[in-house]
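Residue numbers (the working numbering): 8 to 320.
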């Protein structure tokens, strides 16, 4: 067989951190795909449990599996490492505890190639507490080609992409510089990249067919919610382009929720590095409700913002 024939069409990148009890089922869902011209790149992201041993054992299942190890750097760095090892023209991402439907790659490739899109993503079922037989919860992805200013506004309003469903041209990822790797934006590094692709003129296709089972183990603590919202704030402040109405709404909702959860001054310490970009946004007339909220709930933060922006209320 020629060297060209040995190159897979799709490279599947799986970031793996302390996922030993999930990875076998995830690999089962890949190896059961109707479309088989792929390679699997698992990036062990500095796991601290028995995951490295489990991954080593699982990598022996199929010669298309490549195992890569790195020091812990979170999702962005792990996915970029996988992209760096990828040989396929297309890259698909799958988290180590999620599952694909058997027709996932075949259906998605057909629709994506027919549309001429640079990237696609699909709907999926959200399985709470591993209840795989319940299919009443979905992401709500719609059949739509996202391109241009209107699409950017739509993405500024919310993250529309389940990352474990993404199929994207490798050259597009390289042109965009991959995922941001700095820790402060992790958990939203994917949202940042998808929106960045739109600002660079690439076309993203939404496919309403549910082709993923996304496993969720809910955590309801306030601390967990704060940790999830902080990177979203950073992401919204960093995304290139104009601060249109959609991003204003998303920023305000995120900030107001964060501030409402941060009851003490110590809990507000996370906000210190972001006072400068937030005050810039206030000067641009974006976050008026934030100032009013701070006056009522966090007077000390209000005074700090007021002094920096020279706004009179």
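Think of the CB as a built atom: it goes at the ideal place given N, C-alpha and C, for glycine as much as any other residue. Bear in mind the structure is a predicted one, so any value in this text is a computation, not a measurement.
List the residues that DSSP assigns as beta-bridge partners of residue i.
i, result
"residue 77", "52"
"residue 321", "Because the chain is modelled from 8 through 320, residue 321 falls outside the range shown and cannot be assessed."
"residue 174", "99, 127"
"residue 145", "132"
"residue 47", "19, 72"
Using CA atoms only, rank isn't needed, just tell me which of the options is closest to residue i.
i, options, result
"residue 150", "164, 163, 124, 171", "124"
"residue 97", "188, 163, 48, 85", "48"
"residue 187", "23, 18, 80", "80"
"residue 24", "77, 177, 173", "77"
"residue 108", "208, 40, 203", "40"
"residue 238", "13, 112, 190", "190"
"residue 327", "214, 70, 152, 177", "Shown here, the chain extends from 8 to 320; a query on residue 327 therefore has no answer."
"residue 324", "185, 192, 72, 114", "Outside the shown range of the chain, which is 8 to 320, sits residue 324, and nothing can be said about it."
"residue 127", "133, 119, 134", "119"
"residue 185", "92, 53, 43", "92"
"residue 145", "88, 44, 172", "172"
"residue 210", "155, 52, 132, 148", "155"
For the alpha helix (DSSP H) holding residue i, just list the boundary residues, first then last.
i, result
"residue 156", "155–164"
"residue 39", "Element bounds for residue 39: n/a, residue is neither H nor E."
"residue 190", "Per DSSP, residue 190 belongs to no alpha helix (DSSP H) and is neither H nor E."
"residue 180", "177–183"
"residue 198", "196–206"
Would you kindly report the start and end of the unbroken beta strand (DSSP E) that includes residue i?
i, result
"residue 22", "17–23"
"residue 213", "211–223"
Does any C-beta atom of chain B lie closer than 9 Å to the C-beta of residue i?
i, result
"residue 41", "Protein chains in the displayed structure number just one, and chain B is not present."
**OP:** Taking 8 Å as the threshold, find out whether the stretch 17–36 comes into contact with the stretch 99–117 through three or more Cβ pairs.
**Re:** yes
Original post:
Along the chain, which unbroken stretches of the alpha helix (DSSP H) at least 4 residues long are found entirely within the stretch 60–137?
Top reply: 81–92, 111–122
Original post:
Should the stretch 162–182 be called in touch with the stretch 54–73, which here means at least 3 C-beta pairs below 8 Å?
Top reply: no
Original post:
Does the stretch 76–90 come close enough to the stretch 187–206 that 3 or more CB-CB pairs lie under 8 Å?
Top reply: yes
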